[in-house]
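Single-structure report; data block below.
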Amino acid sequence: MVRVRFAPSPTGHLHIGGARTALFNYLFARHNNGKFILRIEDTDRTRSTEEYIEAIIEGMKWLKLEWDEGPLRQTDRFDVYRNYVNKLISEGKAYYCYCTPEELEQRRKDALAQGKPQKYDGRCRNKERVQEVEGSGVQAAVRFKMPQEGQVVVDDLIRGKVVFENNQLDDLIIMRSDGTPTYNFTVVVDDVDMDITHVIRGDDHLNNTPKQIHIYKALGHEIPLFAHLPMILGSDKTRLSKRHGATSVMAYKEMGYLPDALINYLVRLGWSYGDQEVFTREELIKYFSFENVGKSSAIFNPEKLLWLNSQYIIKSNPEELAQMVLPFLENAGIIHKGQKIDRQWLSRAIKTLQERAKTLLELANSLRYYIAEDVQYDEKAKAKFLNEKSRGLLIELKDALNALSDFSIYELEKLFKSIVEKHVIKLGNLAQPVRVAITGGTESPGIFEVLEIVGKEKTIKRLEKAIKAIESEN
RNA sequence: GGUCCCAUCGUCUAGCCCGGUCUAGGACGUGGCCCUCUCAAGGCUAAAACACGGGUUCGAAUCCCGUUGGGACCGCCA
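All residue numbers for the first sequence refer to my numbering, where the first residue is 19 and numbers rise by one.
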């Protein structure tokens, strides 16, 4: 049984990199009919907050990365870690270290200045736990006794076998002098207790892995398989950060991205399946494999994400989009909270806009001229199309429209064509002024669709307003 | 500085393991054309890459070595 976990530390929102790690864990679990566990690594009590735990959960839910167990919290398990630490000490596999953080800091600086490796010198390794120190109120940290000879091999599903020399490995601290456990220890203990079979995480942990393998061995536990995912970088090839734009997953929700589009974008960062670009969730689960995960880091490219989002909007049902666009409509002040809006009509309106909007935000803004009572003219558009040249045409159209009983695309087109033929002009000569009169601008779906959705009453009202606007100019 | 990882169009990638089918394929973006009532969408098309240097071989993007470049880690952070 495959058991994997996503183990974020709640020191920030769910970000792009974390989301992809979660995604790969999720896909691997689902592909293998295994379990996906969410674990909150909150041992750093000074930086972890409840708000961030909520934020991470919110992000996971939005992306529909459903987990099977958890969220488990490490702070609930301090007793467990302490027991394991005591066990290691009694077996001689760990020892008390009386060096103070300040001393260690100083030694690190010295080592750096002299160009020496920054490694703990092991001076407390063979010290007995001395009475006077215990009595003096000095709190000791606990270090893990790392083997100093031989090699460890990390068997990685993505990178293959990576060999480390044991003498490069530090006697790392597994319990702080305040009695709280540290990361490299808690991950191993938790992964052991939770029977994790595959550790799938960011590349930045590859160097921690040999140390963790020794802890597995000390605990007498089988070593899981590892998969270290390449990093996601910003446009300047440095670690993705705020500088590169939005990094929080929920920021993309607010910008009008669809969760499935983000997922699709993220999965293709490092993973591929031939030439296919767009995948359903089912396909992703079916096709996912570490064999197709690349080794090199990838640069986050917002433009491709935008394109994918537009593809997903095109593919979506208008009814679904109607539901999703509502908050954006409210935010933009196009409708007010609680305002009733005919869903069927809204869906029809959205259908005309789907292939023109790259985000829900854009969609909402384009919906404005359908929904609003009044139109605001774009000045340039008004100057170009609402003038003496078009006045007569608009009046003629308005009168004809008034007499039209069936306000359908078919009838509207027939009517427009007859006017155009009568005056021997191009359709554009009529359509553009009408477009400005109805939408306020020069860009919109086909003019007949627009009129049909706006409806007879509003269309005529807006034509009248446009005619008046032309007349008041003179 | 030490250790480890990585290297195909601007970007994401296919190909690499199992050398010839690679004149290196697809996608985003960019340019052009078509469609067209505008804007899109769609179709067609163009420019654009095997980091460099040595080997091995009849033949190397593919195998080996080196160089260069980038990244990660080296905390009583995770």
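Beta carbons are placed, not taken as given, at the ideal position from N, Cα and C, and that holds for glycine. Keep in mind the model is a prediction, meaning the values are calculated, not measured.
Is the Cβ-Cβ distance between residue i and residue j less than 8 Å?
| i | j | result |
| --- | --- | --- |
| ALA37 | LEU90 | no |
| LYS229 | LYS163 | no |
| ILE10 | ASN405 | Absent from the model: residue 10. The displayed extent of the chain is 19 to 492, so no value can be given. |
| TYR102 | CYS142 | no |
| GLU84 | LYS53 | no |
| ILE389 | ILE352 | yes |
| LEU243 | ASP188 | no |
| THR227 | THR61 | no |
| SER66 | SER108 | no |
In whole angstroms, what is the alpha-carbon distance linking residue i and residue j?
| i | j | result |
| --- | --- | --- |
| MET19 | THR215 | 8 Å |
| MET273 | VAL393 | 25 Å |
| ALA17 | LYS416 | Since the first residue shown for the chain is 19 and the last is 492, residue 17 is missing from the structure and cannot be characterised. |
| VAL468 | LYS474 | 11 Å |
| ASN282 | ALA340 | 22 Å |
| ALA366 | ASP396 | It is Arg, not Ala, that sits at residue 366 in the sequence shown. Cα to Cα, ARG366 sits roughly 25 Å from ASP396. |
| GLU68 | THR29 | 9 Å |
| LYS255 | ILE317 | 7 Å |
| GLU429 | ASP360 | 24 Å |
| VAL442 | PHE434 | 12 Å |
| SER307 | VAL296 | 17 Å |
In the DSSP assignment, what residue or residues form a beta bridge with residue i?
| i | result |
| --- | --- |
| ALA245 | ILE218 |
| VAL180 | VAL172 |
| GLU87 | ILE55 |
| SER266 | HIS33 |
| ARG257 | LEU251 |
| VAL311 | TRP289 |
Can you determine whether any heavy atom of the ligand ADP sits closer than 7 Å to the C-beta of residue i, and answer yes or no?
| i | result |
| --- | --- |
| LYS145 | No copy of the ligand ADP appears in this structure; indeed no ligand is present at all. |
Near residue i, which residues of its chain fall below 8 Å by C-beta distance, leaving aside the five closest residues on each side in sequence?
| i | result |
| --- | --- |
| GLN149 | Residue placement at GLN149 is poorly supported in this model, since its pLDDT is 47, which falls under 50; the coordinates are not used for a value here. |
| LYS304 | HIS49 |
| HIS33 | LEU258, THR265, SER266, VAL267 |
| ILE478 | LYS416, LEU419, ASN420 |
| ALA484 | LEU404, LEU412, PRO451, VAL454, ALA455 |
| PRO320 | GLY263 |
Return the chain-ordered list of same chain residues with a C-beta closer than 6 Å to the C-beta of residue i, the five sequence neighbours on each side being excluded.
| i | result |
| --- | --- |
| ASP278 | TYR330 |
| ALA159 | CYS115, ILE191, ARG194, SER195 |
| ALA25 | ARG57, GLU59 |
| GLU482 | none |
DSSP three-state call for residue i: helix, strand or coil?
| i | result |
| --- | --- |
| ARG493 | The structure shown does not extend to residue 493, since the chain is modelled only from 19 through 492, so no value can be given for it. |
| TRP289 | strand |
| TYR275 | coil |
| PHE318 | coil |
| ARG161 | strand |
| TYR114 | strand |
| PRO345 | helix |
| HIS31 | coil |
| ILE75 | helix |
| ILE352 | coil |
| PRO199 | strand |
| LEU251 | strand |
| ILE191 | strand |
| ASP139 | coil |
| GLU295 | coil |
| LEU469 | helix |
| GLU123 | helix |
What does a CB cutoff of less than 7 Å around residue i pick up in its chain, not counting 5 residues either side in sequence?
| i | result |
| --- | --- |
| ALA375 | ILE331, LEU381, SER384 |
| ASN327 | TYR275, LEU276, ALA279, LYS376, THR377 |
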